[in-house]
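One structure is given here, and the rest of the page talks about it.
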Amino acid sequence: MSGNLKPVYLKLVLTTFFWGGTFVAARLAVKEAPPFFAAATRFAVAAACLIALTAWYARREKKPFPAPRSVRESGLLLSLGLTGIFCYNALFFTGLKLTTATSGALIVAINPLLTAVISALWLRERVSLTQGMGLMVSLLGVCVVISKGSWAVLAGFAFNKGDLIMLGAPLCWALYSILGKKALATFTPLAATAYASLFGAALLLPAALVEHAALGGPWPSFSWVGWLAILQLALLGTVVGFVWWYQGVGRIGASRAAVFVNLVPFFGALQAALVLGERVVLPQLCGGLLVVAGVYWGSRVNGEKQQVAIQQSRERGVPGEGRGKAGI
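Numbering (UniProt numbering), first residue to last: 1 to 328.
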């Protein structure tokens, strides 16, 4: 490992550590407040920081603030907020209110491969046999996780509701990632994520008000533990994680950086055990290994092809792919 890349790899590892911690933080947050209120608070903080950071970068580079220039661009940014922020976090926080942080981290680990497969289908690209097999292995792992290795649970469809809700989160993230690719034709990853967080927060706020009216009682509030959880979600899991991730993608490429994503379920389960006292049972361990193996297997060929394409572009003097996917 070359000396100048050590800080890059360290930041990528820390980023996946922060993302693994979001499952623990969200679990703590929904113990003190309803899901939509917790999600709205998270992205109100994150959006304010990301918009300020976007403005700072624009000013440093002596460029105007990157505002949408048409209804189409505004609609695209709104769709990012709807899929990747509103829908994803509605399922994320609601699911974690009903299941463990460990199960949530293992289920959502299917994100990268599901995104690749749905993206290929949506963009009418051929899905390789390796991708299909990798998806099957990952889905088998998810089934083991949500059934806790019990055939009776599978046969009777007696799944934990939180696990089933969490299954919708990777689908929302896949749609968000596909839309994010289109947004990157016009906006930087930072600007696209800032707008996604802003629109997402704007959608989550009225949902939190409806949620409060339906549940009744006093307005939710957080203890210092709850606020630490919200700040971890907003600052470390969203803002710092986003900036460091794209710094890493810019230095080593999207395909090499994507390998680090496989650390997220490991760090999620580890922090859940240390902070929440959750115990990883054997079926969860086996299922998690299947999920990670399937993701790695299904993504490996595409990653190798992408790296070759980047190298060929560099040899021709064309800038390589440094942005990756929007919306971390």
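No residue lacks a Cβ here, since even glycine has one placed at the ideal position from N, Cα and C.
Inter-residue CB distance, residue i and residue j (contact presumed, cutoff 8 Å)
| i | j | result |
| --- | --- | --- |
| Leu12 | Gly248 | 4 Å |
| Thr16 | Leu228 | Going by Cβ atoms, the distance from Thr16 to Leu228 rounds to 20 Å, so no, they are not a contact pair. |
| Leu184 | Ala196 | Not confirmed; about 12 Å, so no contact. |
| Phe36 | Glu211 | 4 Å |
| Leu215 | Pro34 | 6 Å |
| Cys49 | Val239 | 5 Å |
| Gly134 | Leu113 | 6 Å |
| Val275 | Val24 | 5 Å |
| Leu129 | Leu290 | Not really, about 18 Å apart at Cβ, beyond 8 Å. |
Range of the contiguous alpha helix (DSSP H) that encloses residue i
| i | result |
| --- | --- |
| Arg72 | 71-80 |
| Lys63 | Neither: Lys63 is in no alpha helix (DSSP H) and is coded neither H nor E. |
| Gly226 | 224-231 |
| Val30 | That residue, Val30, is in no alpha helix (DSSP H); it is neither H nor E in DSSP. |
| Arg279 | Where Arg279 is concerned, there is no enclosing alpha helix (DSSP H), given that its DSSP letter is neither H nor E. |
| Pro170 | 161-183 |
| Thr115 | 111-122 |
| residue 330 | This structure cannot settle anything about residue 330, because the visible part of the chain is limited to 1 through 328. |
| Ile252 | 241-252 |
| Ala192 | 189-215 |
| Phe266 | 263-271 |
| Ala234 | First-last for Ala234: undefined, no H or E at that position. |
| Gly84 | Segment: none, Gly84 is in no alpha helix (DSSP H) and carries neither H nor E. |
| residue 330 | A question about residue 330 goes unanswered here, because the residues of the chain that appear run from 1 up to 328. |
Spatially closest choice to residue i from the options, by CA coordinates
| i | options | result |
| --- | --- | --- |
| Gly75 | Leu179, Val240, Leu140 | Leu179 |
| Gly237 | Leu10, Gly20, Pro7 | Gly20 |
| Thr22 | Leu106, Thr188, Ala52 | Leu106 |
| Pro189 | Val24, Leu53, Val8 | Leu53 |
| Gly294 | Ser138, Gly168, Ile51 | Ser138 |
| Leu270 | Ala101, Glu73, Val71 | Ala101 |
| Leu164 | Lys182, Val142, Ala229 | Val142 |
| Ala55 | Ala194, Ser128, Ala257 | Ala194 |
| Tyr57 | Leu198, Phe187, Arg27 | Phe187 |
| Ile230 | Gly277, Leu28, Leu5, Val8 | Leu28 |
| Leu198 | Ala169, Leu80, Ala273 | Leu80 |
| Gly233 | Asn4, Phe18, Pro7 | As written in the sequence, residue 233 is Leu, which differs from the Gly given in the question. Residue Phe18 is the option with its Cα nearest to Leu233. |
| Leu10 | Asn111, Gly241, Leu290, Leu209 | Gly241 |
| Asn286 | Leu129, Gly226, Val275, Ile146 | Going by the sequence as given, residue 286 is Cys instead of Asn. Checking every option, the nearest Cα to that of Cys286 belongs to Ile146. |
| Trp219 | Leu5, Asn4, Ala38, Glu61 | Ala38 |
| Val45 | Leu5, Lys63, Leu235 | Leu235 |
Close beta carbons around residue i, own chain, < 8 Å, minus the five adjacent residues each side
| i | result |
| --- | --- |
| Met166 | Leu91, Phe92, Gly95, Leu96, Thr99, Ser103, Gly104, Ile107, Val108 |
| Ile118 | Leu171, Ala174, Leu175, Ile178 |
| Gly277 | none |
| Leu82 | Phe199, Gly200, Leu203 |
| Leu77 | Pro68, Ala183, Phe187, Ala192, Tyr195, Ala196, Phe199 |
| Arg60 | none |
| Val8 | Gln247, Gly248, Arg251, Ile252 |
| Trp122 | Ile178 |
| Leu5 | Arg251, Ile252 |
Near the ligand FMN: residue i beta-carbon under 6 Å from a heavy atom
| i | result |
| --- | --- |
| Arg42 | In the structure on display, the ligand FMN does not appear, and there are no ligands present to speak of. |
Same chain, Cβ closer than 7 Å to residue i, five either side skipped, listed in chain order
| i | result |
| --- | --- |
| Leu205 | Ala40 |
| Val292 | Ala109, Asn262, Pro265 |
| Phe260 | Leu12, Val13, Thr16 |
| Ala208 | Phe36, Phe37, Ala40 |
Beta-carbon proximity list for residue i, same chain, < 6 Å, skipping 5 on both sides
| i | result |
| --- | --- |
| Phe222 | Glu32 |
| Ala169 | Tyr88, Leu91, Phe92, Val108 |
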